[in-house]
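**Student:** There's a structure below that I have some questions on.
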Amino acid sequence: MPQTPIAIVWFRQDLRLADNPALYAAAGSGATILPVFIHDDEEAGDWGPGSASRWWLRKSVTALNESLQGALRIYRGKASEILPKLARDVGADAVYWNRCVEPWRVLRDRAIKEQLQQAGIRIHTSNGSYLYDPAEVAKPDGTPYRVFTPFYRRGCKDLSPRQPLPAPKNLRLDNSSHPDGHDEKPPLPAFPWFDEAEHGWQPGEQGARDVLAQFLDTGLERYAEARDRPDIDGVSRLSPHLHFGEVSPHQVREAVLERKGKQQHDAVDKFLSELAWREFSAHLLYHWPELTHDNLQKKFDRFPWQQDENLQQAWQQGATGYPMVDAGMRQLWRTGYMHNRVRMIAASFLVKNLLQDWRVGARWFWNSLLDADLANNSASWQWVAGCGADAAPYFRIYNPVSQGRKFDPNGDYVRRYVPELATLPDKYIHCPWEAPAHVLESAGVKLGEDYPKPIVELAASRTRALDAFSSLAKKAG
DNA sequence: TTTTGAGTTGTTCGA
DNA sequence: GTCGAACAACTCAAA
154 MPQTPIAIVW FRQDLRLADN PALYAAAGSG ATILPVFIHD DEEAGDWGPG
204 SASRWWLRKS VTALNESLQG ALRIYRGKAS EILPKLARDV GADAVYWNRC
254 VEPWRVLRDR AIKEQLQQAG IRIHTSNGSY LYDPAEVAKP DGTPYRVFTP
304 FYRRGCKDLS PRQPLPAPKN LRLDNSSHPD GHDEKPPLPA FPWFDEAEHG
354 WQPGEQGARD VLAQFLDTGL ERYAEARDRP DIDGVSRLSP HLHFGEVSPH
404 QVREAVLERK GKQQHDAVDK FLSELAWREF SAHLLYHWPE LTHDNLQKKF
454 DRFPWQQDEN LQQAWQQGAT GYPMVDAGMR QLWRTGYMHN RVRMIAASFL
504 VKNLLQDWRV GARWFWNSLL DADLANNSAS WQWVAGCGAD AAPYFRIYNP
554 VSQGRKFDPN GDYVRRYVPE LATLPDKYIH CPWEAPAHVL ESAGVKLGED
604 YPKPIVELAA SRTRALDAFS SLAKKAG
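Quick note, the first sequence lines up with residues 154 to 630 if you use this note's numbering.
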């Protein structure tokens, strides 16, 4: 038997040492720490990490292992088998982890907890990943919120997030050899074609710290106006770091609040409310696990989705003939990332103008986004489709041309990702089909050859979407 | 229980 | 070019 008790710390979406409540508690117990990560694709079912996420995850786990001086045991397989066996084999006294909201994890973790407890092992779980514990926020009558504003203004008001915890000092790590673990074989690289140098991401806790520092220095002050502009880098770019828990929302919140001077007041509030949307998505997924696949509003079960694989493929490939949509979809394919404003435009186009089921889009994003997050992705797609928690006005249908003119006024963003249109004048950069023949010719663009003609007509497809929505309103449908 | 006010992100039309 | 109004009906939150 070991001289000191052994505590397993099970890392999941909290790949950091600082402000990690599970790690902090385990270290504080005086036990020898045995850190573990498990690639559990089997129990994840349909929602294991997508292709792009795998690239990130692999790097981030490696970075975490380095911070832990190589002590991280990395396994591949069913956590419900690996963890109890490991706990038995090493004679663990306790197992620590931070809770997640993905339905498959909630179910799995509950079963593992019971199993371990029956074996006499102490389980210690924490809320490591959200400012407001999704299970704790509730209306006065005890039921969960379905609308953002009251959730944020009321539900979260009296719950004050914790101060970030320091990284534990003098971690007593288990250094014994462990031939059974340490499956270092990385998952297949997901996006073999994408150029790592191009996007400049650095997965891991240090990378997250750098991105946050950069945002505080140069991004925050203009965040309120710039966040909607894909042509200038006005967003925080924290999303993948937050998703994998390389930085906690508590750390981000605290850092941002420190900057809440007079000038940055609005920007800070705006940014914190964006962080709160992440909280709201987690709240929704926690309370409505069917969010990933069922319309939250049941009447949408009879929405007349079309199923057209040609249209879906054109959308996926960035070949719809609408530059703003195509630029976004190509940015996604090339870099594993898409600017938030463009996500809404591209998503709205698929769901409203093409009448394709939101689940088709959600699946594509899940697979292609480095920051794919089940709560954010599911909640946001339902929001765009109008079947989500809050009743979006039925008439909110984005026009990719007006959105382009408004948020990419010089066409810089389009030109970056749709280079075949690069020499087109600003006036036509968002609507090449309206350009006179001689303009197209001098820009060297043959519509239908170099760049597609629009696959649907905007006004007609908008009317069609409005009709589809009003068909839902009819009683007894 | 009933009632009232409100609901992230938009577009179009006509004055 | 700018600006305000219209665009369904519904659900949720809270009084």
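Cβ coordinates follow ideal geometry from the N, Cα and C atoms, glycine included.
In three-state DSSP terms, what is F622?
**Tutor:** The count along the first sequence starts at 1 and reaches residue 622 at position 469. The answer is helix: DSSP assigns F622 an H, G or I state.
**Student:** So which of V364, H396 and D447 has the shortest CA-CA distance to G541?
**Tutor:** Within the first sequence, residue 541 is the residue found at index 388, counting from 1. It is D447 whose Cα lies nearest to the Cα of G541.
**Student:** CB-CB under 8 Å to G630, same chain, minus the five flanking residues each way: which ones, in chain order?
**Tutor:** Start at 1 with the first residue of the first sequence, and residue 630 comes out as number 477. Confidence at G630 is low in this model, with a pLDDT of 36, below 50, so its placement is unreliable and no value can be given for it.
**Student:** For H277, name the three-state secondary structure that DSSP assigns.
**Tutor:** The count along the first sequence starts at 1 and reaches residue 277 at position 124. Three-state result, H277: strand.
**Student:** Which one of L312, M482, R382 and P457 has the shortest CA to CA distance from W468?
**Tutor:** Start at 1 with the first residue of the first sequence, and residue 468 comes out as number 315. It is M482.
**Student:** On a Cα-Cα basis, can you pick out the residue from L485, Q465 and I582 that is closest to R558?
**Tutor:** Position 405 of the first sequence, counted from the first residue, corresponds to residue 558. Closest by alpha carbon: I582.
**Student:** Pull up the DSSP beta-bridge partners for F164, would you.
**Tutor:** Taking the first residue of the first sequence as 1, we reach residue 164 at position 11. Note: F164 sits in a beta bridge opposite F190.
**Student:** Quick check: D419 and F560, are their CB atoms within less than 9 Å of each other?
**Tutor:** Counting from 1 along the first sequence, the entry for residue 419 is found at position 266. Counting from 1 along the first sequence, the entry for residue 560 is found at position 407. Cβ distance not < 9 Å, so D419 and F560 don't count as in contact.
**Student:** For the candidate residues L170, T215 and C584, whose alpha-carbon lies nearest to that of M477?
**Tutor:** Looking up residue 477 in the first sequence gives position 324. Nearest of L170, T215 and C584 to M477, Cα basis: C584.
**Student:** Residues in its own chain within less than 8 Å of L619 by CB, not counting five upstream and five downstream?
**Tutor:** Residue 619 sits at position 466 when you count from the first residue of the first sequence. So the list reads Y547, F548 and I550, once near-sequence residues are dropped.
**Student:** Straight-line CA distance for I161 to R325?
**Tutor:** Position 8 of the first sequence, counting from 1, holds the residue named residue 161. Position 172 of the first sequence, counting from 1, holds the residue named residue 325. Distance between the alpha carbons of I161 and R325 is about 12 Å.
**Student:** For the beta strand (DSSP E) that contains A247, what are its first and last residues?
**Tutor:** Working through the first sequence from its first residue, we reach residue 247 at position 94. Per DSSP, A247 belongs to the beta strand (DSSP E) from A247 to N251.
**Student:** S521 and A184 look like a contact to me (Cβ under 8 Å); what is the Cβ gap, rounded to whole Å?
**Tutor:** By 1-based counting over the first sequence, the position of residue 521 is 368. By 1-based counting over the first sequence, the position of residue 184 is 31. Going by Cβ atoms, the distance from S521 to A184 rounds to 41 Å, so no, they are not a contact pair.
**Student:** Between V537 and S389, what straight-line distance do the alpha-carbon atoms span, to the nearest angstrom?
**Tutor:** On the first sequence, residue 537 is found 384 positions in, with the first residue counted as 1. On the first sequence, residue 389 is found 236 positions in, with the first residue counted as 1. Going by the C-alpha atoms only, they are around 22 Å apart.
**Student:** Taking the Cβ atom as the reference point for each residue, do L438 and A588 lie within a distance shorter than 9 Å?
**Tutor:** Reading the first sequence from its first residue, position 285 is the one you call residue 438. Reading the first sequence from its first residue, position 435 is the one you call residue 588. In this structure, A588 does not lie closer than 9 Å to L438 by Cβ.
**Student:** Does DSSP classify R412 as helix, strand or coil?
**Tutor:** Position 259 of the first sequence holds residue 412. Reduced to three states, the DSSP call for R412 is coil.
**Student:** Can you name the residues that DSSP bridges to I159?
**Tutor:** Counted from its first residue, the first sequence places residue 159 at position 6. Answer is T185.
**Student:** Could you tell me which of L523, A525 and A472 sits nearest to A499, measuring between CA atoms?
**Tutor:** Taking the first sequence and counting its residues from 1, one reaches residue 499 at position 346. Nearest C-alpha to A499: A472.
**Student:** Following the continuous beta strand (DSSP E) through R568, name the residue where it begins and the one where it ends.
**Tutor:** By one-based count along the first sequence, residue 568 stands at place 415. Run containing R568: none in the beta strand (DSSP E); it sits in the alpha helix (DSSP H), D565 to Y570.
**Student:** Which complete alpha helix (DSSP H) runs does the segment 202 to 277 hold, if anything under 4 residues is left out?
**Tutor:** Here the runs fully enclosed are 204 to 220, 232 to 243 and 256 to 271.
**Student:** With A515 as the anchor, note down where its alpha helix (DSSP H) starts and where it stops.
**Tutor:** Here residue 515 corresponds to residue number 362 of the first sequence, with the count starting at 1. Looking at the DSSP string, the run of the alpha helix (DSSP H) that includes A515 is W511 to S521.
**Student:** Got a sec: does the ligand GTP put a non-hydrogen atom nearer than 8 Å to the Cβ of D526?
**Tutor:** With respect to small molecules bound, the structure shown includes none, and the ligand GTP cannot be examined in it.
**Student:** With burial defined as no fewer than 16 other Cβ atoms inside 10 Å of the residue's Cβ, what is the status of V632: buried or exposed?
**Tutor:** Summary: the structure shown does not reach residue 632, with the chain confined to residues 154 through 630, and so no result is reported for it.
**Student:** Helix, strand or coil, according to DSSP, for Y283 in the structure here?
**Tutor:** Reading the first sequence from its first residue, position 130 is the one you call residue 283. Of the three classes helix, strand and coil, the one that applies to Y283 here is coil, per DSSP.
**Student:** What's the call for N328, buried or exposed, on a 16-neighbour Cβ count within 10 Å?
**Tutor:** Looking up residue 328 in the first sequence gives position 175. Counting Cβ neighbours within 10 Å, N328 comes out exposed, since fewer than 16 surround it.
**Student:** Quick check on DSSP: helix, strand or coil for L365?
**Tutor:** If you number the first sequence from 1, residue 365 lands on position 212. L365 falls in the helix class under three-state DSSP.
**Student:** Can you list, in chain order, the residues of its chain whose CB lies under 6 Å from that of L503, leaving out five sequence neighbours each side?
**Tutor:** The residue given as residue 503 occupies position 350 in the first sequence. Answer for L503: W468, Q509 and G514, listed in chain order.
**Student:** I need the boundaries of the alpha helix (DSSP H) containing E427, first residue and last residue.
**Tutor:** Your numbering for residue 427 matches position 274 in the first sequence. Residues H418 to H440.
**Student:** Grab the span of the alpha helix (DSSP H) containing W486 for me, first residue to last.
**Tutor:** Counting from 1 along the first sequence, the entry for residue 486 is found at position 333. Counting along the chain, the alpha helix (DSSP H) containing W486 begins and ends at P476 to T488.
**Student:** Could you tell me the alpha carbon to alpha carbon distance between Y570 and L485, rounded to whole angstroms?
**Tutor:** Position 417 of the first sequence, counting from 1, holds the residue named residue 570. Position 332 of the first sequence, counting from 1, holds the residue named residue 485. Taking the straight line from one Cα to the other gives about 10 Å.
**Student:** Between which two residues does the alpha helix (DSSP H) containing A596 stretch?
**Tutor:** Taking the first residue of the first sequence as position 1, residue 596 is located at position 443. Looking at the DSSP string, A596 is not in any alpha helix (DSSP H), and its letter there is neither H nor E.
**Student:** Just to confirm, is the Cβ distance from R412 to V400 under 9 Å?
**Tutor:** Here residue 412 corresponds to residue number 259 of the first sequence, with the count starting at 1. Here residue 400 corresponds to residue number 247 of the first sequence, with the count starting at 1. Against a cut-off of 9 Å, the Cβ pair of V400 and R412 comes out as no contact.
**Student:** Determine the DSSP secondary structure at L324, reduced to helix, strand or coil.
**Tutor:** Start at 1 with the first residue of the first sequence, and residue 324 comes out as number 171. Note: L324 maps to coil in three-state DSSP.
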